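J.: The structure follows.
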Amino acid sequence: MNQPLRSALPGRALVSNASDAAGYQLSSTALSVIVVTVLGFSATQVGLLNALGTMSFLFLVVPIGALVDRIGALQILVLSLLLKSALALVTLMLVVLGLLNAVTAMIVVTVMGVAVVASENAQVAATPLLTSSQARIADLVARMTAADRIAGVVAPATAGALLALGGAAIPLALALVLFALALLAATSLVRLRTNSSAAGAETEEPSGPGTEQEPEGAPASKRGAIGHGFVLMVRDRTLLATTLLVMAGNIGLAIGDSVESILVLRLLDLGVLFYGLLGTIAALSGLAAAAVAPRVVRAFPVRTIFGVGAVVQSGVAALPLIALLVPAAGYVVMGAFSALWAITLTITNIAGGAYAAAAVEPSALGRTAAARRMLTMGAVPIAALGGGLLADFAGMIAPLIVWPAVTIAAAALFLLLGRRERTALGAAA
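In terms of the working numbering, the sequence shown opens at residue 5 and continues consecutively.
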């Protein structure tokens with residue numbers, strides 16, 4: 005591929021990522037508000053909804069990762085965005101016709117979860133294909149994350165404002181337009197690569213449709229093994245340790261997510277507009293974090309970044325509990341929570357994504373990303389449902405106590421594992 009085509013790839017990818025993120029933010033924020041304020045969901049029902057939305061990370065992420073490596077990251081990205089566009093259209097029609105109820109909402113969220121798994125995996129696997137320099141992978145991951153955050157600056161607040169004005173269909177219609185734009189940008193990426201391959205401009209580009217080939221000496225069984233990503237992850241202790249930490253943090257977050265909308269909209273009565281604004285606060289904070297993340301990644305080891313992030317995250321997770329106990333400070337505390345959580349999560353995600361993209365061969369990156377996502381997200385459906393049940397049967401305070409407790413335990417485990425590894429290395433030396 006010649007240089008003009010190479011330089012065009014990241015731009016198209018950024019447009020696709022940003023539009024996809026904005027569309028998803030709009031649709032998910034709108035649905036979150038609708039099910040609580042219009043359909044009257046309980047905490048258990050919200051937990052079940054979140055569980056269904058993340059169920060694909062447990063059952064489908066590994067097969068989808070293998071499919072990405074076999075068919076091609078860009079091709080899967082196009083298909084996933086096509087599915088999101090169709091779902092946005094269906095959801096809009098359900099709202100307009102008054103047919104959105106508990107059952108249809110859960111079906112929409114479940115299928116959207118499948119599309120999200122596919123698009124996220126494809127975006128990760130496509131990252132090395134968009135730059136010829138390993139050293140610039142962290143910068144590219146940060147730029148793609150920043151594109152997501154930029155899209156998230158306006159989308160949640162916009163959804164909240166439109167819903168507050170009584171227009172449930174408007175944010176969903178806008179989400180449909182954004183998904184279609186993301187689809188067009190992804191399709192142009194495939195066309196660029198196809199044209200460059202036909203012209204024979206870069207002989208080292210992958211010979212398969214959107215993915216690189218395994219080395220010639222690699223055993224055929226390894227090339228086709230669906231569980232090859234787990235093998236690579238276990239071999240790399242840093243990759244495994246950071247994955248386990250993210251998994252534990254996500255369990256706590258899933259518990260909190262099942263009750264956050266009810267906490268903000270019902271118990272604290274902070275309003276739909278503020279609920280949407282929380283997403284914008286998180287996006288702005290994540291955008292700032294994405295701007296400095298490449299420097300942080302280059303300056304510190306991945307384990308140090310995750311260790312500090314785990315400690316900070318443990319304290320931040322306690323803020324919703326403080327908001328419940330001190331309702332008068334609800335606006336300030338929940339705003340601080342959204343900002344600090346987004347900063348910590350953005351930096352650690354960029355560090356982990358850049359490390360994985362650089363450490364794993366591109367031909368197995370789809371399966372490795374899938375293995376990581378299965379571990380980090382596999383327990384989320386159970387945790388989400390458990391958080392809702394816990395709130396309904398033991399009161400809202402129960403899940404808000406469990407949430408920081410889980411993150412504290414995860415931080416302690418990560419720091420302990422890091423200390424043991426350093427001790428083992430010292431003894432071996």
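C-beta: ideal position from N, C-alpha, C; glycine also.
Predicted, not measured: the structure shown is a model, and the values here were computed from it.
Per DSSP, what kind of secondary structure is residue 46 in: helix, strand or coil?
T.: In the structure shown, residue 46 sits in coil (DSSP, three-state: anything other than H, G, I, E or B).
J.: Can you tell which of 286, 168, 82, 129 has its C-alpha closest to the C-alpha of residue 193?
T.: With distances taken between Cα atoms, residue 193 lies closest to 82.
J.: Alpha carbon to alpha carbon, how far is residue 339 from residue 285? Give it in angstroms, no decimals.
T.: Straight-line Cα distance between these residues: approximately 7 Å.
J.: Short check: CB of residue 295 to CB of residue 411, under 9 Å?
T.: Cβ atoms of residue 295 and residue 411: not closer than 9 Å.
J.: Starting from the Cα of residue 337, find the closest Cα among 267, 106, 63 and give me that residue.
T.: The residue with the shortest Cα to Cα distance from residue 337 is 267.
J.: Can you check which of these residues, 403, 406, 385, 416, is closest to residue 59 by C-alpha distance?
T.: Comparing Cα positions, the closest option is 385.
J.: In this structure, does DSSP put residue 304 in helix, strand or coil?
T.: Note: residue 304 maps to coil in three-state DSSP.
J.: Within the same chain, show all residues whose beta-carbon is closer than 6 Å to that of residue 345, passing over the 5 residues directly before and after it, in chain order.
T.: Counting only Cβ-Cβ distances below 6 Å, and skipping sequence neighbours, we find 320.
J.: According to DSSP, is residue 233 helix, strand or coil?
T.: If DSSP states are grouped into helix, strand and coil, residue 233 belongs with the helices.
J.: Buried or exposed: where does residue 97 fall if 16 or more other Cβ atoms within 10 Å of its Cβ makes it buried?
T.: So residue 97 counts as exposed.
J.: My understanding is that residue 94 touches residue 112, with C-beta atoms under 8 Å, so please give their C-beta distance in whole angstroms.
T.: 7 Å between Cβ atoms; contact.
J.: Can you tell me the Cα-Cα spacing of residue 207 and residue 181, whole angstroms?
T.: Because the pLDDT at residue 207 is just 43, under 50, the model does not fix this residue reliably, and the value given afterwards should be weighed accordingly. Computed Cα separation, rounded: 37 Å.
J.: Taking residue 247 as the reference, which of 28, 65, 377 has the closest Cα?
T.: The candidate whose alpha carbon is nearest that of residue 247 is 377.
J.: Taking its Cβ as the centre, do 16 or more other Cβ atoms sit within 10 Å of residue 298, making it buried, or is it exposed?
T.: That one is buried.
J.: Going by Cα to Cα distance, which pick from 408, 159, 164, 127 is closest to residue 341?
T.: Cα-wise, what sits closest to residue 341 is 408.
J.: Just to confirm before moving on: does the CB-CB distance between residue 41 and residue 276 stay below 9 Å?
T.: Taking 9 Å as the Cβ cut-off, residue 41 and residue 276 qualify as a contacting pair.
J.: Measure from the alpha carbon of residue 108 to the alpha carbon of each residue in 76, 86, 68, 53, then state which is nearest.
T.: When each option's Cα is compared against that of residue 108, the closest is 53.
J.: Rounded to whole angstroms, what is the Cα-Cα separation between residue 416 and residue 406?
T.: If I take the Cα positions, the gap works out to 15 Å.
J.: Just to check my reading of the structure: residue 334 and residue 272 have Cβ atoms closer than 8 Å, yes? What is that Cβ distance to the nearest angstrom?
T.: Between residue 272 and residue 334 the Cβ distance is about 4 Å, and since that is below 8 Å, they are a contact.
J.: Curious, which full-length alpha helix (DSSP H) runs of at least 4 residues does the segment 357-422 contain?
T.: Runs found: 369-382, 384-398.
J.: Look at residue 349 and residue 360 and say whether their C-beta atoms are less than 9 Å apart.
T.: No. Outside cutoff.
J.: Residues in the same chain with beta-carbon distance under 6 Å from residue 313, minus the five sequence neighbours each way, listed in chain order, please.
T.: Only 348, 352 meet the Cβ criterion.
J.: Tell me the residue span of the alpha helix (DSSP H) that contains residue 324.
T.: It spans 323-329 - the alpha helix (DSSP H) in which residue 324 sits, taken as one unbroken run.
J.: Residue range of the alpha helix (DSSP H) that residue 246 falls in?
T.: Run containing residue 246: 241-266, per the alpha helix (DSSP H) assignment.
J.: Could you give the DSSP three-state label for residue 208: helix, strand or coil?
T.: Any answer about residue 208 is weak, because its pLDDT of 43 lies below 50 and its placement is not dependable; what the coordinates show is given next. Of the three classes helix, strand and coil, the one that applies to residue 208 here is coil, per DSSP.
J.: How would you label residue 56, buried or exposed, when you count the other beta carbons within 10 angstroms and need 16 or more for buried?
T.: So residue 56 ends up on the buried side.
J.: Check whether the segment 392-402 touches the segment 230-250, taking contact to mean three or more Cβ pairs, one atom from each stretch, closer than 8 Å.
T.: Contact fails: fewer than three Cβ-Cβ distances are below 8 Å.
J.: Using CA coordinates, which residue listed in 33, 419, 175, 130 is at the minimum distance from residue 78?
T.: Cα-wise, what sits closest to residue 78 is 130.
J.: Taking all protein chains shown into account, decide if residue 308 is buried (16 or more other Cβ within 10 angstroms of its Cβ) or exposed.
T.: Residue 308 should be labelled exposed.
J.: Do you know how far the Cα of residue 356 is from the Cα of residue 283?
T.: Using only the alpha carbons, I get a separation of about 23 Å.
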